[in-house]
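S.K.: Got a structure here, written out as structure tokens. Questions coming.
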Amino acid sequence: MGFAKCFKMAVSTIWASKVRSFLTMLGIIIGISAVIILVSLMGGLTQQLMDMFADLGTNSIQVTINQRAATRNVEPDEMYEFTDGNDLVENASPSLTVAATVKTSKENKSGTVSGVSEGYGDMRRLNVTQGRFIQYSDVMSKSSVCVIGAYQAKTFFDDGAVIGRELKINGTPFTVVGVLEEKEDAASGSGDDVVYIPYTSAMRLNASSVVSSYLLTAADEDRIDEATSSIKQFLKNKVGDEDYYMVISMKELIDQMSMMMNSMQTVLVCIAGISLLVGGIGIMNIMLVSVTERTREIGIRKSLGAKQKNIMMQFVIEAGTVSCIGGVIGIITGALVAILAGKLLLDASITPSAASIVVAFGVSVAIGIGFGYLPAKKAAQLNPIDALRYD
Amino acid sequence: MSALIELKDIYKIYRMGDNEVRALDGISLSIDKGEFVAIIGKSGSGKSTCMNIIGCLDVATSGTYRLNGKNIGNYTDDELAEVRNKMLGFIFQQYNLLPKLNLLENVALPLVYAGASDAEQKERAIAALEKVGLKDKAKNYPSQLSGGQQQRASIARALAGNPSVILADEPTGALDSKTGRDVMMFLKQLHSEGNTIVLITHDNSIAAQAQRVVRITDGRIVYDGAASGDDVVSRQEKAGEY
Ligand SMILES: Nc1ncnc2c1ncn2[C@@H]1O[C@H](COP(=O)(O)OP(=O)(O)OP(=O)(O)O)[C@@H](O)[C@H]1O
Ligand SMILES: [Mg+2]
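The listed protein sequences correspond, in order, to chains A and B.
Per my numbering, residue 28 is the first one in the first sequence, and the count goes up by one each step.
Per my numbering, residue 78 is the first one in the second sequence, and the count goes up by one each step.
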């Protein structure tokens, strides 16, 4: 008896008891959709985080110096001197954060303002759509000028003309000299929600006389680790004790993050896998019941010349088909839920990867065959005369 | 020429604890090609047990069974399945049609397991159904047929594989006397066409329609001869029962 015929027979047997077949499949449906949902959402989340980091520049290296503890500090000029004399490091800019309330007549918002140098715009590949970025002269003269993101341009001012208008940062009036290109729908908290001022002005706002953090960029994406260690060496000579400074490269951060996401995904998928196991046992259970119920049918088939492999194939294919249909339903529901959840929770368009779908389908077929094997074996080995006498 | 079916000193003993049931107690029987044999006996005498052994559905406790000259005593499960498929056609008292298959599929089942092509399966199954007068019911399911029609369908199934022997265990047992007669007429017709038939019954009038009668009592053959000769024995036995 051919595979196609067995399959057709399996489908009609499954169809003949729809409710029972559906309940048998339920474990597989839940397991497979859980796996698809988790893998898709984790993938989406990882992608989102990666994009966020990549937006900060994959070649960037953050240096933070603990001001209070360090006996010595690193002046901007010293940092520039270091980068100029180092092939691995391309550029450097102070990068200070000021907790600030930004205010205009229209809007009032608490957040942070970044104090940077004139080179920062190029390092971060920021595009200015109106006006200009912060210039060397602004830094030197500690000008009260600022460059704002698309979010600020939209929310803090009434109409399109933004250049030359004024906003107050912690009460100090600053003049807008540039607006950055919109990146992420000009949303609050996004890469468009930024205010840059000269770092010297930021130091004044912070009432601080030292620059405690810098952004550096590695010259070569493939030699970020070397660049990081040369920076560490420089700081060691300059500051001394390793506890007083911190050097973090974006690459390191991304690697750590993706490793963490991966292990989290593995754990979640394993948990979802337990429901697949339970689903498989459910299939085995129903198949055993089915073999008992159909003992007479098996006896008749054997009396007509069915060999063990014929009976075996019939039941294995039936189990495989049940689990396969369950798998397909699970993939479809999982994909729909993942897409919906991606929209609602992550605000991103998520599509389950082809690989996860193929693997999920393969796993469901394997579960059906694996857990169908034992009941099928039992059916195949029934003694024809006992099976015929069975009522 | 050796006989088609040859049983020699066949014992079938069921042990239940200390009890021992000798369902067959030393049976020797040979049936030639083209014979129409009725095995008759009271309930529990061992008729079905004997037929199950002839039908390769069961194996004897001891003794040898040659089918078509081959000793099937050491055949495996699958080899016996093949023998049933190629050489034997069964007609059961309870018809034993598969309820979820239509008549055509039911009748084609032995051919499916014989590995026949789809076209051949269909052709031979339809021919078999035509022979029993059920060609127009080919798409019907067993539950849509009368008992007599179902039994005719099961005869068609037994014929479809063109077996060497047709084994019928009480084929008229579940039918009223008229449909029972129709079935018997049919078996006689098959015999006249050259088929070998082994029929099991406890009904003397049915056994009388066979060519040869084998009477079993308590697992032993007590009469083996022409159907007419058995009449006397059966009357005596009947007299003894009351
Ligand atoms: N599996 C079994 N285990 C134990 N004893 C059995 C088994 N099968 C049959 N027997 C016994 O063997 C004897 C013969 O049984 P068998 O079925 O051959 O009788 P029969 O002549 O076909 O009777 P009937 O006309 O009622 O069908 C009976 O006594 C029965 O109880
Ligand atoms: Mg019987």
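Beta carbons: idealized from backbone N, C-alpha and C, even for Gly.
1) Can you tell me where the beta strand (DSSP E) holding A/N135 begins and where it ends?
2) Kindly indicate the opening and closing residues of the beta strand (DSSP E) around B/A193.
3) Quick one: is B/E182 buried, meaning 16 or more other Cβ sit within 10 Å of its Cβ, or exposed?
4) In terms of alpha-carbon separation, which member of A/S285, A/I88, A/M79 lies closest to A/A246?
5) What does B/D154 touch in chain A if you count any residue whose Cβ is under 7 angstroms from its own?
6) Kindly say whether B/R229, judged by its beta-carbon, lies nearer than 7 angstroms to any beta-carbon of chain A.
7) Quick one: is the Cβ of A/S383 within less than 6 angstroms of any heavy atom of ligand 2?
8) Would A/I412 pass as an interface residue toward chain B - the criterion being a Cβ-Cβ separation below 7 angstroms?
9) Report whether the distance from the Cβ of B/Y300 to the nearest heavy atom of ligand 1 is below 6 angstroms.
10) Report the rounded CA-to-CA distance for A/Q335 versus A/S60, giving the unit in angstroms.
11) Between the segment 338–355 of chain A and the segment 291–302 of chain A, do at least 3 Cβ pairs fall closer than 8 angstroms?
12) What residues in the segment 305–328 of chain A bring their beta carbon closer than 9 angstroms to a beta carbon of chain B?
13) Give me the chain A residues within the contact set of B/E207, using Cβ-Cβ distance strictly less than 7 angstroms, ordered along the chain.
14) Consider the C-beta atom of B/S125 and the heavy atoms of ligand 2; say whether any pair is separated by less than 6 angstroms.
15) Would A/S380 pass as an interface residue toward chain D - the criterion being a Cβ-Cβ separation below 7 angstroms?
16) What distance in whole Å lies between the Cβ atoms of B/A204 and B/P219, which are believed to be in contact at a cut-off of 8 angstroms?
17) Distance check for B/G192 and A/C351, CA to CA, integer angstroms please.
18) Apply the 10 Å Cβ neighbour rule to A/S302 and answer buried if 16 or more other Cβ atoms are within range, or exposed otherwise.
19) First and last residue of the beta strand (DSSP E) that includes B/V114?
20) Mind checking B/M262: buried by the 16 CB within 10 Å criterion, or exposed?
21) In terms of alpha-carbon separation, which member of B/L236, B/K110, B/R292 lies closest to B/S122?
22) Is there at least one Cβ from chain A nearer than 7 angstroms to B/A204's Cβ?
23) Counting C-beta neighbours from all protein chains within 10 Å, is the total for B/R234 16 or more, i.e. buried, or is it exposed?
24) For my contact list, B/A100 and B/T126 are in at a C-beta cut-off of 8 angstroms; report their separation, rounded to the angstrom.
25) Any C-beta of chain A within less than 7 angstroms: which residues of the segment 160–193 of chain B qualify?
26) At a Cβ threshold of 7 angstroms, is A/S330 touching chain B?
27) Have a look at A/S120 and A/V386 and give me their C-alpha separation to the nearest angstrom.
28) Who are B/P248's beta bridge partners in DSSP?
29) Give me the Cβ distance between A/E117 and A/T244, rounded to the nearest whole Å; I'm assuming they're in contact under 8 angstroms.
30) Hey, out of A/E208, A/G191, A/L53, A/G353, whose CA is closest to A/A177's CA?
31) Answer with buried or exposed for A/N289, where buried requires no fewer than 16 other C-beta atoms within 10 angstroms of its C-beta.
32) So, helix, strand or coil for A/T319, using DSSP?
33) Find the residues of chain A that neighbour B/L134, judging by a C-beta separation of less than 9 angstroms, and give them in chain order.
34) Should A/Y271 go down as buried or exposed, given a rule of 16 or more other Cβ atoms within 10 Å for buried?
35) Answer yes or no: does any C-beta atom of chain A fall closer than 7 angstroms to that of B/N129?
36) Can you tell me the Cα-Cα spacing of B/D102 and B/G250, whole angstroms?
M.R.: So, from the listed chains and residues:
1) Translated into the one-based positions of the first sequence, residue 135 of chain A becomes position 108. From DSSP, the beta strand (DSSP E) with A/N135 extends over 135–143.
2) Within the second sequence, the letter at position 116 stands for residue 193 of chain B. That residue, B/A193, is in no beta strand (DSSP E); it is neither H nor E in DSSP.
3) Here residue 182 of chain B corresponds to residue number 105 of the second sequence, with the count starting at 1. By the Cβ-count criterion, B/E182 is buried, with 16 or more other Cβ atoms from all chains shown falling within 10 Å of its own Cβ.
4) Position 219 of the first sequence, counting from 1, holds the residue named residue 246 of chain A. Considering only alpha carbons, the answer is A/I88.
5) For this step, residue 154 of chain B is matched to residue 77 along the second sequence. Neighbours of B/D154 on chain A, chain order: Q335.
6) Locating residue 229 of chain B in the second sequence gives position 152, where the first residue counts as 1. No, B/R229 does not count as interfacial toward chain A.
7) Your numbering for residue 383 of chain A matches position 356 in the first sequence. No, the Cβ of A/S383 stays beyond 6 angstroms of every heavy atom of ligand 2.
8) Taking the first residue of the first sequence as 1, we reach residue 412 of chain A at position 385. It does; some Cβ of chain B falls within 7 angstroms.
9) As a working mapping, residue 300 of chain B is identified with position 223 in the second sequence. False, no ligand heavy atom lies under 6 angstroms from that Cβ.
10) As a first step, residue 335 of chain A is located in the first sequence; it is residue number 308 there, counting from the start. As a first step, residue 60 of chain A is located in the first sequence; it is residue number 33 there, counting from the start. When rounded, the distance between both Cα atoms is 35 angstroms.
11) no
12) R323, E324, G326, I327, R328
13) For this step, residue 207 of chain B is matched to residue 130 along the second sequence. The contacting residues do not exist; B/E207 stays about 20 angstroms from chain A at best.
14) Against the second sequence, residue 125 of chain B aligns to sequence position 48. Yes, ligand 2 has a heavy atom inside 6 angstroms of this Cβ.
15) Chain labels in this structure do not include chain D; the protein chains are A and B.
16) Indexing the second sequence from 1 puts residue 219 of chain B at position 142. Indexing the second sequence from 1 puts residue 204 of chain B at position 127. B/P219 to B/A204, Cβ: 20 angstroms. No contact.
17) What you label residue 351 of chain A is simply residue 324 of the first sequence in a count that begins at 1. What you label residue 192 of chain B is simply residue 115 of the second sequence in a count that begins at 1. Using only the alpha carbons, I get a separation of about 27 angstroms.
18) Counting from one through the first sequence, the residue named residue 302 of chain A turns up at place 275. With 16 or more other CB atoms across the displayed protein chains lying within 10 angstroms of its CB, A/S302 is buried.
19) Here residue 114 of chain B is taken as the residue at index 37 of the second sequence, counted from 1. Taken as a continuous stretch (DSSP letters only), the beta strand (DSSP E) holding B/V114 covers 113–118.
20) The residue given as residue 262 of chain B occupies position 185 in the second sequence. Counting other Cβ atoms within 10 Å of its Cβ, B/M262 stays below 16 and is therefore classed as exposed.
21) The residue given as residue 122 of chain B occupies position 45 in the second sequence. The option with the nearest alpha carbon to B/S122 is B/R292.
22) Working through the second sequence from its first residue, we reach residue 204 of chain B at position 127. Taking a beta-carbon distance threshold of 7 angstroms, B/A204 does not count as an interface residue toward chain A.
23) On the second sequence, position 157 is the one that residue 234 of chain B refers to. Of the other Cβ atoms in all chains shown, 16 or more fall within 10 Å of the Cβ of B/R234; this residue is therefore buried.
24) Position 23 of the second sequence, counted from the start, is the residue given in the question as residue 100 of chain B. Position 49 of the second sequence, counted from the start, is the residue given in the question as residue 126 of chain B. Contact flag correct, Cβ pair sits at about 4 angstroms.
25) R161, N162, F167, N173, L175, K177, L186, P187, V189, Y190, A191
26) As a working note, residue 330 of chain A is residue 303 in the first sequence. With 7 angstroms as the cut-off, A/S330 counts as an interface residue toward chain B.
27) Within the first sequence, numbered from 1, the residue matching residue 120 of chain A stands at position 93. Within the first sequence, numbered from 1, the residue matching residue 386 of chain A stands at position 359. Those two C-alpha atoms are separated by around 47 angstroms.
28) Along the second sequence, one-based indexing puts residue 248 of chain B at 171. DSSP, once it has assigned bridges, lists no residue as partnering B/P248.
29) Here residue 117 of chain A refers to the residue found at position 90 of the first sequence. Here residue 244 of chain A refers to the residue found at position 217 of the first sequence. At roughly 5 angstroms, the Cβ-Cβ gap stays under 8 angstroms, so A/E117 and A/T244 are in contact.
30) Locating residue 177 of chain A in the first sequence gives position 150, counting from the first residue. For A/A177, the nearest C-alpha among the options comes from A/E208.
31) As a position in the first sequence, residue 289 of chain A is number 262, starting the count at 1. Burial call: exposed.
32) Walking along the first sequence from the start, residue 319 of chain A turns up at place 292. Reduced to three states, the DSSP call for A/T319 is helix.
33) Stepping through the second sequence from its first residue, residue 134 of chain B is reached at position 57. Chain A residues near B/L134: G326, K329, S330, N410, P411, I412, L415.
34) Within the first sequence, numbered from 1, the residue matching residue 271 of chain A stands at position 244. Classification for A/Y271: buried.
35) The residue you call residue 129 of chain B lines up with position 52 of the second sequence. Closer than 7 angstroms to some Cβ of chain A, the Cβ of B/N129 qualifies, so yes.
36) Taking the second sequence and counting its residues from 1, the one referred to as residue 102 of chain B is at position 25. Taking the second sequence and counting its residues from 1, the one referred to as residue 250 of chain B is at position 173. Using only the alpha carbons, I get a separation of about 25 angstroms.
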